[in-house]
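Enquirer:
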Amino acid sequence: MAESHDHVSCSEVVELVTDYVERALPPDEAALFEQHLNFCDGCAWYVDQIRTTVDTVGRIEPEEVPPDVRSQLLAAFRDWKRS
Amino acid sequence: MTEAPLKERTASAEEVELLARLRAGDERAFEALVDRHYGTMLAVARAYVSSRAVAEEVVQEAWLGVLKGLEGFEGRSSLATWIMRIVVNIAKTRGVREARSVPYASLAPEGEEAAVERDRFRGPGDAFPGHWRAYPANWNSLPEEVLHERDTLRVAMDAIAKLPPAQRTVITMRDVQGCGPDEVCAALEVSDGNQRILLHRARSRVRAALERHFDG
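Order-wise, the sequence lines are chains A and B. Residue numbers for the first sequence follow numbering that gives the first Met the number 0, so the first one is 0 and each next one is one higher. Residue numbers for the second sequence follow numbering that gives the first Met the number 0, so the first one is 0 and each next one is one higher.
1) Could you tell me the distance, in whole angstroms, from the CA atom of A/M0 to the CA atom of B/Y134?
2) Could you tell me whether the region 165-181 of chain B touches the region 190-207 of chain B, using the rule of 3 or more Cβ pairs below 8 angstroms?
3) Assuming contact is defined by CB atoms lying nearer than 8 angstroms, are B/V48 and B/E97 in contact in what I supplied?
4) Given this structure, state the Cα-to-Cα distance separating A/L73 from B/R35, to the nearest angstrom.
5) Determine whether the beta carbon atoms of A/E11 and B/G94 lie at a separation below 8 angstroms.
6) Starting from B/M156, trace the alpha helix (DSSP H) both ways and give me its first and last residue.
7) Please say whether A/V20 and A/R50 have beta carbons closer to each other than 8 angstroms?
8) Check whether chain A comes within 8 angstroms of B/V115, counting only Cβ atoms and requiring the distance to be less than that.
9) Using 8 angstroms as the limit for Cβ to Cβ distance, is B/T220 near chain A?
10) With H, G and I counted as helix, E and B as strand and the rest as coil, what does DSSP make of A/F76?
11) I believe B/A185 touches B/M40 by the beta-carbon criterion, under 8 angstroms. Please report the beta-carbon distance rounded to the nearest angstrom.
12) Taking only the alpha-carbon atoms, compute the straight-line gap between B/Q176 and B/G124 and give it to the nearest angstrom.
13) Assess, as a yes-or-no matter, whether the region 71-81 of chain B is touched by the region 42-62 of chain B under the definition of 3 or more beta carbon pairs within less than 8 angstroms.
14) Could one say the Cβ of B/Y47 lies closer than 8 angstroms to chain A's Cβ atoms, at least one of them?
15) Out of curiosity, what's the CA-to-CA distance linking B/E55 and A/F76?
16) Considering Cα atoms alone, identify which of A/F38, A/P66, A/T52 is closest to B/N139.
17) Kindly list the residues whose CB is nearer than 7 angstroms to the CB of B/I159, restricted to its own chain and excluding five residues on each side of it in sequence; keep chain order.
18) Between the beta-carbon of B/A28 and the beta-carbon of B/L21, is there less than 8 angstroms?
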């Protein structure tokens, strides 16, 4: 995806970041990516922002089962058990 | 992206034990199953139907389908995969009945979408093309309380609510519900590469919303 094989630009980093954090980059591209982060604070902070985003979304409470739905489903389970 | 979907897992030892309890009529086991899968089922249904209300109906109907199929379930896929397949089938049927104009094929990502506005990078005529004009902020320097504020969580939730359906489903499954990529691929019938593109676009948009919030 990089324009050349020996260099990743900042505008490419922001598009490769998910492949990087998901460990889906081929090893040579991952190495170039990390090399870039070593000398570019902006991109290091950007990757950190993405990690913070993932952490923040991870703190959102999963949907709970509404009480009326729970009781309806339990009633269905009891019916099923009887049949 | 055309790579094959990830290999499916068969039912785990834990699921086999849970199945035995369910078949024996153990209500606590059933409740645990409902609690574990409800949020993910809702997220999956919402990729296929137009509203939350219809998605809730789909999930309820899916549970009846689960009960109907429980005796015959052979554990050739994981219990979770099997449940999600029931959700998808019902959701698709409902989607057709709603005469939704969006075809299912469109759950795969479409077009181009920049993670960051292109004008934040130097142009091709510049000495450093593709480099930041101004660096994004270092969020490590934000006070911990700001990151953990209810407001911050609210911004993330609102941003997710505004995402296109497939992106919203993927980020909810992966980052809220903690599903693996294979579960997303199975539920949305997309390749691993495409689930990653959807996740990338979703996370990028939520990051942008948080950035607007922090930068005020």
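Ideal placement from N, C-alpha and C gives every residue a C-beta, glycine not left out.
Expert: The structure says:
1) Low per-residue confidence applies at A/M0: pLDDT is 46, beneath 50, and the placement is therefore not dependable, though the value from the model is reported in the following sentence. Whole-angstrom Cα-Cα distance: 23 angstroms.
2) yes
3) yes
4) 15 angstroms
5) no
6) From DSSP, the alpha helix (DSSP H) with B/M156 extends over 149-160.
7) By the CB criterion at 8 angstroms, A/R50 and A/V20 fall inside the cutoff.
8) Yes, its Cβ sits closer than 8 angstroms to a Cβ of chain A.
9) As displayed, chain B neither begins before 0 nor continues past 215, which places residue 220 of chain B out of reach and without an answer.
10) helix
11) So it is not a contact: roughly 13 angstroms between Cβ atoms.
12) 45 angstroms
13) no
14) no
15) Take the alpha-carbon of B/E55 and the one of A/F76: they are about 18 angstroms apart.
16) A/T52
17) R167, I170, T171, V205
18) yes
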